[in-house]
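Written below as structure tokens is the structure these notes are about.
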Amino acid sequence: TGSTARRISYYRPKCPVVSISPSKRVKRSLCLNWGVYGYYQKDFTTKEMSASQFAIKIAKKYGI
520 TGSTARRISY YRPKCPVVSI SPSKRVKRSL CLNWGVYGYY QKDFTTKEMS ASQFAIKIAK
580 KYGI
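Each residue of the sequence shown is one higher than the last, beginning at 520 in this note's numbering.
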């Protein structure tokens, strides 16, 4: 739902917030929040990688 990313953005952190969602609607709405970079990924939990590892991979890929 993106509620955690929204709560974090409320405090306007100096670092970017990376949020991954299986919903395109949630991804679009998260981009309207302060410092939140929303990414759509249909299935981001795999056996090889946790959600946090996946977020780090995306952040490195886009230079965040």
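Beta carbons: idealized from backbone N, C-alpha and C, even for Gly.
| Query | Result |
| --- | --- |
| From SER571 to SER538, what distance separates their C-alpha atoms? | 10 Å |
| Go through its chain and collect everything with a Cβ distance to ARG531's Cβ below 8 Å, but skip five positions before and after it. | TRP553 and GLY554 |
| Distance check for SER540 and SER522, CA to CA, integer angstroms please. | 11 Å |
| What number of angstroms, rounded off, separates the C-alpha of ALA578 from the C-alpha of MET568? | 15 Å |
| Can you tell me where the alpha helix (DSSP H) holding SER538 begins and where it ends? | Careful: SER538 lies outside any alpha helix (DSSP H), inside the beta strand (DSSP E) at 536 to 540. |
| Determine the contact status of TYR558 and LYS543, defining contact as a CB-CB distance below 7 Å. | no |
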